[in-house]
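Chemist: Residue numbers for the sequence shown follow the working numbering, beginning at 47 and rising by one.
Before anything else, here's the structure in question.
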Amino acid sequence: MSRPIVATVNQQALRHNLAIVRQAAPESRVWSVVKANAYGHGITRVWQSLAETDGFALLNLEEAILLREQGWKNPFCCWKDFFMKAIWC
47 MSRPIVATVN
57 QQALRHNLAI
67 VRQAAPESRV
77 WSVVKANAYG
87 HGITRVWQSL
97 AETDGFALLN
107 LEEAILLREQ
117 GWKNPFCCWK
127 DFFMKAIWC
């Protein structure tokens with residue numbers, strides 16, 4: 047039996063929240079953690095709303111490759127395993 051659950055991602059809210067973080071920490075680098083295909087919402091649907099971020103922290107290299115193909119030029123940090131070993135690319 048499926049549940050009638052719907053999750054809506056508000057792209058404007060993502061942009062707004064990133065701007066608020068930048069205001070709160072203007073001298074900081076801001077990285078967006080968007081793991082597991084944007085938590086099931088589709089990384090290709092949300093990355094442009096976070097385009098002002100300094101980098102993306104992703105779960106795997108496949109997501110990094112996908113974002114490169116979509117036009118993302120800034121760095122990635124790919125979390126390798128449970129112990130948070132990172133691969134920078």
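Each residue gets a CB set at the ideal place from its N, CA and C atoms; glycine is no exception.
Since the model is a prediction, treat every value here as computed from it, not as a measurement.
Looking at C-alpha atoms only, which residue of GLY86, LEU64, SER78 is the closest neighbour of ALA53?
Modeler: Working through the sequence shown from its first residue, we reach residue 53 at position 7. Among GLY86, LEU64, SER78, the Cα nearest to that of ALA53 belongs to GLY86.
Chemist: Taking DSSP as the reference, what is the three-state secondary structure of LEU113?
Modeler: As a first step, residue 113 is located in the sequence shown; it is residue number 67 there, counting from the start. In this structure, LEU113 counts as helix in the three-state DSSP scheme.
Chemist: On the DSSP letters alone, give me the boundaries of the alpha helix (DSSP H) that LEU60 sits inside.
Modeler: Within the sequence shown, numbered from 1, the residue matching residue 60 stands at position 14. First-last of the alpha helix (DSSP H) with LEU60: 57-70.
Chemist: Measuring alpha carbon to alpha carbon, tell me which of ARG49, VAL55, PRO50, SER48 ends up nearest ARG91.
Modeler: As a working mapping, residue 91 is identified with position 45 in the sequence shown. Selected option, being the one with the closest Cα: VAL55.
Chemist: Report buried or exposed for VAL80, applying the criterion of at least 16 other Cβ atoms within 10 angstroms of its Cβ.
Modeler: Here residue 80 corresponds to residue number 34 of the sequence shown, with the count starting at 1. With 16 or more other Cβ atoms inside 10 Å of its own Cβ, VAL80 counts as buried.
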